[in-house]
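Residue numbers (the working numbering): 2 to 140.
Just so it is clear, CB atoms sit at the ideal spot from N, CA and C, and this is done for glycine as well.
Note that the structure is predicted; figures quoted are calculated from it, not measured.
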């Protein structure tokens, strides 16, 4: 059985095995604590039998007016619980490429999904060019 609950400070000491995948970007403690303090409603953990952490998701809300949106910062699961190709069925599209976003000079993909309030799907019209991290808007 899986239990979904809010992430708590003690989970920071228990979730390292989930972050061991070489494709998973890990952050420093202050990054996780900022999300936990500012957006606790969008930071959850999945626990399996024996209270083993199976994965976590962290997000935030940002922007103003028409640009107001939710942002999934990390959606991480332990490798033994991964379901390959599930991402193909979530309905996200590539909005733009962010050059040198990750450590090691890796690019990031800004993936978006229009929700019901975006009837005309303006939020997912792909940009024609790549951007750099300094061009991103943060709140």
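Check	Outcome
Simplified DSSP state of residue 74, which is helix, strand or coil	strand
Beta-ladder partner(s) of residue 101, from DSSP	DSSP lists no partner for residue 101.
Beta-carbon proximity list for residue 18, same chain, < 8 Å, skipping 5 on both sides	54, 79
Buried/exposed call for residue 34, threshold 16 Cβ in 10 Å	exposed
Three-state secondary structure (DSSP) of residue 108	strand
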